[in-house]
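Asker: For this note's numbering, count along the sequence shown from 1 and bump the result up by 1. I am attaching a structure below and will ask some questions about it afterwards.
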Amino acid sequence: MSIQKSDDAPETIIKLSDLMRFVLTETQAQFIPLNKEIECINQYIDLQAMRLPKKTVVDFKVKGDVEQQIIAPLMLLPFVENAFKHGVSTHVESKILIHLDVKRDWLLFHAENKKEHQTIKKSTRIGLSNVVRRLELTYPQKHNLKIDESGNTFKVDLKINLS
């Protein structure tokens, strides 16, 4: 992008820089404000939108009081990355749903995408395995993770008791 002198290059570099800064600084803490994790997800979605075909629709919704909650860093981003990695087609319209809701002390997270046939075989699942392990260590008996891969849809439903 920068070599081709794209008009989007400066904005893209700034967004990538912000995302990298988050990963390098915020992930050192055991917990961070939930709104910072959401900001990181927003930056990631913005970066993806710059490179993806216009046929890709991302439905990202946040509800509830996210300002008062804390979460282990990068607990949600791997699910978002997974949706983009395995759910985007260059041939047909792709839709990615990412919904986050805070109800009292509970975080409810849902991600959903269609599985693209060419990416299914390439998956190592290491990202998902790492998140599952981190959930077990950080939120023992305070979370519920359901992954549904039936048909050609991949769904993640995660509940975390943040208290």
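Beta carbons: idealized from backbone N, C-alpha and C, even for Gly.
Report the rounded CA-to-CA distance for GLU40 versus GLU68, giving the unit in angstroms.
Answerer: In a straight line, the C-alpha of GLU40 is about 12 Å away from that of GLU68.
Asker: Helix, strand or coil for SER3, going by three-state DSSP, please let me know.
Answerer: Reliability of the predicted coordinates at SER3 is poor, the pLDDT of 48 falling under 50, and the value obtained from them is presented with this limitation in mind. Correct three-state label for SER3: coil.
Asker: By DSSP's criteria, GLU94 is part of a beta bridge. Which residues make up the other side?
Answerer: In DSSP, GLU94 forms no bridge with anything.
Asker: Can you give me the Cβ contacts of ALA84 inside the same chain, cut-off strictly under 6 Å, excluding the 5 residues immediately before and after it?
Answerer: Excluding positions up to five away in sequence, the list reads ILE97, ALA112, ASN114.
Asker: Return the first residue and the last residue of the alpha helix (DSSP H) that ASP66 is part of.
Answerer: That residue, ASP66, is in no alpha helix (DSSP H); it is neither H nor E in DSSP.
Asker: Along the beta strand (DSSP E) that carries LYS156, what are the first and last residues, could you check?
Answerer: Run containing LYS156: 154–162, per the beta strand (DSSP E) assignment.
Asker: Can you list, in chain order, the residues of its chain with a C-beta nearer than 6 Å to that of LYS62? Leave out the 5 residues immediately preceding and following it.
Answerer: Cβ within range, chain order: HIS100.
Asker: Taking the C-alpha atoms as reference points, what is the distance between LYS116 and ILE71?
Answerer: If I take the Cα positions, the gap works out to 31 Å.
Asker: Could you tell me which residues DSSP pairs with ASP149 in its beta bridges?
Answerer: DSSP, once it has assigned bridges, lists LYS156 as partnering ASP149.
Asker: Beta carbon of LYS160, beta carbon of TRP107: below 8 Å?
Answerer: In this structure, TRP107 lies closer than 8 Å to LYS160 by Cβ.
Asker: How close, in whole Å, do the beta carbons of VAL93 and THR57 come, if the pair is a contact with beta carbons under 8 Å?
Answerer: With 8 Å as the limit, VAL93 and THR57 do not qualify as a contact, their Cβ atoms being about 10 Å apart.
Asker: From the DSSP output, in three-state form, read off GLU38 for me.
Answerer: GLU38 falls in the helix class under three-state DSSP.
Asker: Does DSSP put LYS104 in a helix, in a strand, or in coil?
Answerer: Reduced to three states, the DSSP call for LYS104 is strand.
Asker: Can you grab the Cα-Cα spacing for the pair PHE32 / LEU53, in whole Å?
Answerer: Near 32 Å, if we compare the C-alpha coordinates of LEU53 and PHE32.
Asker: Taking DSSP's pairing of strands, which residues face GLU113 in a bridge?
Answerer: BP columns for GLU113 point to LEU98, LYS156.
Asker: For ASP66, which residues of its own chain have a beta-carbon under 6 Å away from its beta-carbon, when the five flanking residues on both sides are left out?
Answerer: Here the set comprises VAL103.
Asker: Compare the C-alpha of ASN162 against each of GLN29, ALA30, LEU35 and name the closest.
Answerer: Out of GLN29, ALA30, LEU35, LEU35 has the C-alpha closest to the C-alpha of ASN162.
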